[in-house]
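Chains as they are written, first to last, in my numbering: chain A, 12 to 345; chain B, 12 to 345.
The block underneath contains the structure these notes are about, expressed in structure tokens.
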DNA sequence: ACGCATCATGCAACCGGTTGCAGAAAATTA
DNA sequence: TAATTTTCTGCAACCGGTTGCATGATGCGT
């Protein structure tokens with residue numbers, strides 16, 4: 012049913028090669044035949060089949076976009092940027108939604124079966140096994156929002172979570188908070204672990220500063236609300252919390268308001284990500300900005316350059332974060 | 012580099028056909044050769060190339076998932092359900108992010124170049140031209156969250172927006188509101204138009220009921236907040252508003268609280284969708300539940316059955332909605 | 001107008017699979 | 001055991017393109 016190369020060749024009265032070449036950048040065709048072919052193609056509504064050509068060229072322009080994070084509104088922003096960024100470069104995102112406990116090998120198999128030109132892991136909570144598995148099957152892979160390491164075995168683009176933890180602790184101490192708490196995301200996530208290390212390092216070194224911590228079950232509103240509810244019901248409530256991320260923070264804020272406490276008077280909250288919702292007036296969250304747009308652009312550029320240079324030496328691209336001042340932390344006493 | 016059918020055939024000492032057949036459901040192969048092939052395949056780590064086989068079978072198992080809605084958190088839930096639903100049925104979502112003013116034909120071309128087996132339009136704000144364009148190029152297409160019509164030319168799965176509008180108005184009238192307002196989404200969206208027709212119909216027929224309306228620029232928090240800000244600054248504020256959707260409602264709530272008015276005492280709000288955020292305690296939005304999970308399941312089933320039956324007569328699958336009572340509307344005076 | 005370099009074109013093989021067909025092997029029946 | 005049916009198997013053509021190579025056409029210089 013669909014119109015093929017051959018149909019165009021027949022109508023234009025040229026060989027199939029001629030048709031192929033007029034649709035191939037930089038191939039040698041005379042203006043005369045090109046015109047004939049283009050006329051015939053337009054008449055028939057022909058466009059080359061990307062999959063068929065991939066067979067010989069080895070390029071599908073398909074990029075696997077893999078995530079397990081479909082409950083954090085931040086990821087809608089992330090998917091938006093990724094899909095637009097890929098499309099702008101003529102690439103197509105093949106989306107893979109990984110659920111808890113999914114087999115790593117099955118995912119890799121799936122993407123290799125569709126011969127994707129590359130894969131992007133968009134998650135800070137995905138097991139490092141995933142990246143390793145892709146690496147072993149020679150699919151160019153970059154792990155966006157992955158763990159910063161001095162000697163990464165796979166390309167990483169993201170932030171220094173540990174530095175963010177330190178920044179959060181320093182900020183809280185500077186504001187005069189004496190008992191600072193870390194309410195992390197899932198303990199198994201490397202991002203959580205690193206953020207914890209960062210806050211703990213600074214908070215424990217602080218003069219007359221007390222430090223406590225706990226972990227929520229996921230990076231989600233419900234998990235944040237539940238964990239903060241538990242904390243508030245306990246004995247040892249902190250003056251201010253660094254929450255694992257913004258959506259956790261928003262859950263925590265909900266629990267705090269439900270308990271009839273006020274923010275930032277009774278309890279201060281600082282989040283991480285600076286997602287769109289953080290600036291909604293009824294949330295107005297003080298948070299650490301993560302430059303997702305740069306991270307995503309850089310990830311795409313990296314995966315593109317790996318397509319031409321598969322053995323490229325793995326690098327970690329780390330972007331700086333900064334505090335965004337809003338309403339959930341006491342002001343600097345100055 | 013990647014291992015092919017031929018490699019397996021050589022190692023197993025059989026013909027390429029034999030290998031192909033062992034990987035084809037229901038093909039005729041003896042247990043003996045199947046065993047030989049499977050052993051060789053396992054040894055080499057072989058899996059058939061889905062794209063190459065699509066060339067002869069005409070099936071790619073690729074489904075275009077098309078949306079223009081990457082700023083409404085509801086769509087993260089929607090993408091989650093779509094991707095999981097497709098994956099469960101062995102299909103792969105090829106995501107297409109349509110921006111304002113993008114060329115319809117370019118989108119169609121893109122998906123036909125990748126010979127997708129079908130396409131799902133997930134949006135209530137996409138121009139109907141899109142569906143028409145897919146239809147004309149013989150790609151099975153279903154429009155999820157599309158406009159209900161008695162004689163649709165393309166498959167529609169969604170809700171009866173007009174009925175929802177009526178339901179909202181009836182609810183507001185029953186609660187004793189005397190001036191009811193409709194704060195719609197973008198006026199160009201068919202969903203907005205229909206919701207408007209519904210509320211207007213009932214509200215204008217109400218005894219002693221006043222009805223006013225206006226439209227926000229988009230289905231987004233900012234648009235809702237801005238539009239409600241404008242309304243509150245004007246002369247003719249309603250007692251209760253039916254907002255175009257939940258995220259608009261949340262924006263509106265923000266504006267109302269900023270103006271130091273209280274909900275539901277000063278102003279009532281009812282949304283539409285029942286997105287996850289609507290049940291967050293600090294939002295607690297009374298809203299009309301749209302059964303997205305059923306809509307999505309049904310959409311996928313429909314596109315799958317169209318793959319086998321391309322000329323299937325277009326149908327509209329409409330799912331009922333219901334009110335979810337939370338905290339942004341006065342209770343029934345009973 | 002002639003010789004030569006350059007460009008354009010078609011042929012045919014190939015990418016990684018699938019499948020109709022005919023003959024071989026195995027299973028069934030008598 | 002022979003005849004007959006059924007199940008397997010390999011060959012070769014095909015899906016929709018691309019590309020190296022040899023040949024033919026064109027343009028250039030003189």
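For every residue, glycine included, the Cβ atom is placed at its ideal position computed from N, Cα and C.
Predicted model, so just to flag it, every value in this text is computed and none were measured.
Interface partners of residue i on chain A, CB under 7 Å
i	result
residue 324 of chain B	Chain A residues near residue 324 of chain B: none, gap ~19 Å exceeds 7 Å.
residue 197 of chain B	Chain A residues near residue 197 of chain B: none, gap ~18 Å exceeds 7 Å.
residue 84 of chain B	84, 87
residue 63 of chain B	66
residue 120 of chain B	58
Within chain A, partners of residue i - CB distance below 9 Å
i	result
residue 275 of chain B	None at all; the shortest Cβ gap to chain A is about 16 Å.
Neighbouring residues, chain B, relative to residue i (Cβ below 9 Å)
i	result
residue 60 of chain A	66, 123, 124, 125, 126
Whether residue i touches residue j by CB criterion (9 Å)
i	j	result
residue 79 of chain B	residue 136 of chain B	yes
residue 168 of chain B	residue 328 of chain B	yes
residue 294 of chain B	residue 335 of chain B	no
residue 229 of chain A	residue 176 of chain A	no
residue 214 of chain B	residue 183 of chain B	yes
residue 23 of chain A	residue 48 of chain A	yes
residue 348 of chain B	residue 283 of chain B	Residue numbering for chain B in the displayed model covers 12 to 345; residue 348 of chain B lies beyond these limits and cannot be assessed.
residue 330 of chain A	residue 306 of chain A	yes
residue 205 of chain A	residue 85 of chain A	no
residue 249 of chain B	residue 192 of chain B	yes
residue 209 of chain B	residue 275 of chain B	no
residue 348 of chain B	residue 180 of chain B	Any question about residue 348 of chain B goes unanswered here, given that chain B covers just 12 to 345.
residue 71 of chain B	residue 113 of chain B	no
residue 343 of chain B	residue 186 of chain B	yes
residue 263 of chain B	residue 239 of chain B	yes
residue 44 of chain A	residue 21 of chain A	no
residue 51 of chain A	residue 58 of chain A	no
residue 140 of chain A	residue 159 of chain A	no
residue 232 of chain B	residue 291 of chain A	yes
residue 126 of chain B	residue 13 of chain A	yes
residue 91 of chain B	residue 161 of chain A	no
residue 3 of chain B	residue 115 of chain B	The structure shown does not extend to residue 3 of chain B, since chain B is modelled only from 12 to 345, so the question has no answer here.
residue 55 of chain B	residue 31 of chain B	no
residue 188 of chain B	residue 251 of chain B	yes
residue 315 of chain B	residue 286 of chain B	no
residue 340 of chain B	residue 280 of chain B	yes
residue 106 of chain A	residue 87 of chain B	no
residue 131 of chain B	residue 75 of chain B	yes
Neighbour list for residue i in chain A, Cβ cutoff strictly below 8 Å
i	result
residue 265 of chain B	291, 292, 293
Contact list for residue i against chain B, beta-carbon separation under 8 Å
i	result
residue 71 of chain A	62
residue 268 of chain A	292, 293
Interface residues of chain B facing residue i [CB-CB closer than 7 Å]
i	result
residue 81 of chain A	87, 90, 91
Checklist entry - Between the segment 289 to 303 of chain A and chain B, which residues of the former have a C-beta closer than 7 Å to a C-beta of the latter? => result 291, 292, 293
Checklist entry - Curious, which full-length beta strand (DSSP E) runs of at least 3 residues does the segment 163 to 245 of chain B contain? => result 166 to 169, 190 to 195, 221 to 226
Checklist entry - Are the segment 114 to 127 of chain B and the segment 160 to 174 of chain B in contact at 8 Å, needing three or more beta carbon pairs? => result no
Next on the checklist: When you compare the segment 215 to 227 of chain B with the segment 138 to 158 of chain B, are there three or more beta-carbon pairs, one atom per stretch, that lie closer than 8 Å?
Outcome noted: no
Checklist entry - Which parts of the segment 96 to 175 of chain B are runs of the alpha helix (DSSP H), unbroken and 4 residues or longer, counting only runs that do not cross its ends? => result 115 to 124, 139 to 147
Next on the checklist: Taking beta-carbon pairs under 8 Å, can you tell me which members of the segment 225 to 239 of chain A lie near chain B?
Outcome noted: 232, 236
Next on the checklist: For the segment 154 to 178 of chain A, list every residue whose C-beta sits within 9 Å of some C-beta in chain B, in sequence order.
Outcome noted: none
Checklist entry - Taking Cβ-Cβ distances below 8 Å as the criterion, which residues of the segment 86 to 112 of chain A are in contact with chain B? => result For the segment 86 to 112 of chain A, the residues whose beta carbon sits under 8 Å from a beta carbon of chain B are, in order, 86, 87, 88, 90, 91, 94, 95, 98, 103, 104, 105, 106, 107, 108, 110.
Checklist entry - If we count Cβ pairs, one from each stretch, closer than 8 Å, do we get three or more for the segment 94 to 102 of chain A versus the segment 53 to 64 of chain A? => result no
Item to check | Contacting positions in the segment 237 to 258 of chain A - beta carbon closer than 8 Å to chain B | outcome: none
Item to check | Members of the segment 25 to 47 of chain B near chain A, C-beta cut-off 7 Å | outcome: none
Item to check | Continuous alpha helix (DSSP H) assignments of at least 4 residues falling wholly in the segment 297 to 326 of chain B | outcome: Assignment of alpha helix (DSSP H) within the segment 297 to 326 of chain B, counting only whole runs of 4 or more residues, yields 303 to 319 in chain order.
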